[in-house]
Amino acid sequence: MSYSIKQVSERTKLASHTLRYYEKEGLLPFVKRSEGGIRRFSDDDLEWLGLICCLKETGMPIKQIKEFVDLSLLGGDTLKQRCEMLIKHKKSVEDEIKTMEKHLQKVTMKINHFTAQYEEHTRP
């Protein structure tokens, strides 16, 4: 099965220009083109796109995602490097989650504090 850029955009909620940018940056090197030059995305391309979006949304820079893709193109000899990249990224995401949880606790405490003050202030 193959998909047009419009179909992929609708499925992934990514703008067509974003998909073109990812391809231009070398993040989607596997996308084939029809004889007329139209991009035709495969199910494997969609799987790759899912990983790219996951990495990007969890804070991995495009440059590093490109490095991961480039290593993938080199095959099995780079599996250890790719694993190490993902382990390092996972640690970074976990650290960010811990930081955000601390911030969330602070915000929750302030909500409770101000709610109590408001209730006391509006009590007859």
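Each residue of the sequence shown is one higher than the last, beginning at 23 in my numbering. For glycine and all other residues, C-beta sits at the position ideal for the given N, C-alpha and C.
Residue i in three-state terms, based on DSSP
i	result
K35	coil
R104	helix
S114	helix
F136	helix
R145	coil
Exposure label - residue i; buried when at least 16 CB within 10 Å
i	result
F90	buried
V129	exposed
R33	exposed
M23	exposed
R145	exposed
Residue i - containing alpha helix (DSSP H), residue span
i	result
F90	I84 to L95
Residue range of the beta strand (DSSP E) that includes residue i
i	result
S64	R61 to S64
Stretch-stretch touch, CB-based, cutoff 8 Å, three pairs: the region 69-79 with the region 120-134:
no
Flag this pair as touching only if the region 88-105 and the region 43-63 have three or more C-beta atom pairs under 8 Å; answer yes or no. yes
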